[in-house]
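First the structure, in the form of structure tokens, and then the observations on it.
2 protein chains.
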Amino acid sequence: MRSPEQLVERFRSEGLKITPQRQLLFSLLHENAEHPTAEALFTTASAQMPGISLRTVYQTLTDLTEMGELGQVTFDGGAVRFDPNLTDHHHAVCDQCGAIADVSIDHLDAVSISKPNDFSPSSTSVVFHGTCARCTMPTSNLDKPTNNQTK
Amino acid sequence: MRSPEQLVERFRSEGLKITPQRQLLFSLLHENAEHPTAEALFTTASAQMPGISLRTVYQTLTDLTEMGELGQVTFDGGAVRFDPNLTDHHHAVCDQCGAIADVSIDHLDAVSISKPNDFSPSSTSVVFHGTCARCTMPTSNLDKPTNNQTK
DNA sequence: TTGCTTATTCGCATGATTTGCAGATTAGGT
DNA sequence: ACCTAATCTGCAAATCATGCGAATAAGCAA
């Protein structure tokens with residue numbers, strides 16, 4: 272996703288208005304690597320702007336997605352998660368704490384050759400399920416991230 | 272998933288009862304490659320057994336899943352789909368008609384090496400999005416599968 | 001076959017996530 | 001300061017899935 276400043280510029284050039292709600296969400300999403308759900312963003316946003324509506328959060332998130340400024344991912348039927356990282360990447364989901372890490376994969380084209388030759392793929396997504404470093408680590412069970420598992 | 276006969280045997284050996292509802296679902300799922308949703312199975316089941324409850328369909332599907340006899344997959348936040356194919360495989364989703372095809376991938380281990388080395392993956396799933404043969408085919412636009420897209 | 005015990009089924013309520021709608025509000029230009 | 005269209009907000013409603021309790025029926029024993 273582009274920077275809040277660039278987004279403001281884009282919204283302006285398209286005749287869209289720059290509201291404080293939008294600006295807040297722009298900043299909350301910028302370089303956010305947590306793959307938050309709409310609810311999570313709403314909670315964070317509410318702390319800084321009491322009274323902001325969950326509906327507005329959904330609306331803005333949908334707008335950004337339709338503008339191609341934001342990505343969406345879902346895992347195992349949970350709530351939709353938003354991803355400002357628009358580069359070609361994949362995900363590693365920790366089944367213990369629910370953390371989601373971005374993963375870059377090289378030579379992915381090497382596997383696509385084994386797909387059925389009567390299917391024309393336009394995109395490929397890979398999801399690893401497993402245990403993240405924090406949850407594997409035997410020592411320092413303190414400061415673990417809270418369990419964000421949805422299911 | 273095992274055959275209806277084998278499932279009956281397993282249920283019996285575990286003290287579970289063999290009801291007509293369960294038997295019907297066993298047969299509807301056996302070698303079913305359509306990745307149906309609970310609703311779809313309910314519709315099909317209702318045709319053969321009017322009065323069967325959607326709740327029972329969900330219940331049986333959940334039971335089979337917990338017994339490890341059935342797999343579940345979800346794509347893009349849509350409804351959960353059930354997959355009796357328990358072999359190691361992946362999926363190709365047609366964005367046109369919504370059809371989902373099973374895909375086997377060789378040398379998948381070749382890509383897993385590029386994952387972050389602080390993550391211990393226990394499973395990897397790959398999803399191809401694109402256009403299936405039927406929808407690519409310029410001729411015979413007749414007999415196309417109905418659009419099953421959820422989102 | 002009859003009856004008993006307990007698993008199942010069924011329908012409804014409830015929960016979670018997301019979208020539709022309409023009136024109140026406000027950004028941005030005149 | 002004023003206008004107008006874009007936004008925000010709250011609430012209803014849609015979708016998907018699960019919890020719960022009462023009614024039902026499978027499997028077993030006599």
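Chain order of the listed sequences is A and B.
Take any residue in the first sequence, count from 1 to its spot, add 271: that is its number in the numbering used here.
Take any residue in the second sequence, count from 1 to its spot, add 271: that is its number in the numbering used here.
In this text, a Cβ means the ideal position worked out from N, Cα and C, and glycines have one as well.
First through last residue of the beta strand (DSSP E) which encompasses residue i
i: residue 304(A); result: It is not in any beta strand (DSSP E) - residue 304(A) carries neither H nor E in the DSSP assignment.
i: residue 354(B); result: 352-354
i: residue 372(A); result: 371-374
i: residue 399(B); result: 391-402
i: residue 343(A); result: 342-344
i: residue 365(B); result: 361-365
Short Cβ contact (8 Å threshold) for residue i with residue j
i: residue 391(B); j: residue 402(A); result: yes
i: residue 348(B); j: residue 345(A); result: yes
i: residue 316(B); j: residue 296(B); result: yes
i: residue 397(B); j: residue 376(B); result: yes
i: residue 332(A); j: residue 355(A); result: no
i: residue 374(B); j: residue 381(B); result: no
i: residue 367(A); j: residue 406(A); result: yes
i: residue 291(A); j: residue 353(A); result: no
i: residue 372(A); j: residue 387(B); result: yes
i: residue 300(A); j: residue 272(A); result: yes
i: residue 399(A); j: residue 358(B); result: no
i: residue 294(B); j: residue 321(B); result: no
i: residue 404(A); j: residue 389(B); result: yes
Any non-hydrogen atom of the ligand FAD within 7 Å of residue i CB
i: residue 274(B); result: Ligands in the displayed structure: none, and consequently the ligand FAD is not present.
Closer than 8 Å at the beta carbon, the chain A residues around residue i
i: residue 395(B); result: 397, 398, 399 and 400
Partners in chain A for residue i, counting only beta-carbon separations shorter than 9 Å
i: residue 392(B); result: 363, 399, 400, 401 and 402
Endpoints, the alpha helix (DSSP H) within which residue i is located
i: residue 380(A); result: 380-383
i: residue 284(B); result: 275-284
i: residue 324(B); result: Taken as a continuous stretch (DSSP letters only), residue 324(B) belongs to no alpha helix (DSSP H), as it is neither H nor E.
i: residue 312(B); result: 309-319
**Request:** Below 7 Å between beta carbons is the criterion; list the residues of the stretch 330-354 of chain B that meet it against any residue of chain A, in chain order.
**Result:** Result list: 345, 347, 348 and 351.
**Request:** Could you name the residues of the stretch 295-316 of chain A whose beta carbon sits closer than 9 Å to any beta carbon of chain B, in the order they occur along the chain?
**Result:** So the list is empty, because no residue satisfies the distance condition.
**Item:** Residues of the stretch 370-389 of chain A whose Cβ lies closer than 8 Å to any Cβ of chain B, in chain order
**Value:** So the close ones are 372, 374, 375, 376, 377, 378, 379, 381, 382, 383, 385, 386, 387 and 389.
**Request:** Note down, in chain order, all residues in the stretch 397-409 of chain A with a beta-carbon under 7 Å from any beta-carbon belonging to chain B.
**Result:** Result list: 397, 398, 399, 400, 401, 402, 403, 404 and 407.
**Prompt:** Counting Cβ pairs, one atom from each stretch, are 3 or more of them under 8 Å apart for the stretch 277-287 of chain B and the stretch 314-329 of chain B?
**Reply:** By the Cβ test, the stretch 277-287 of chain B is not in contact with the stretch 314-329 of chain B, since fewer than three Cβ pairs between them sit closer than 8 Å.
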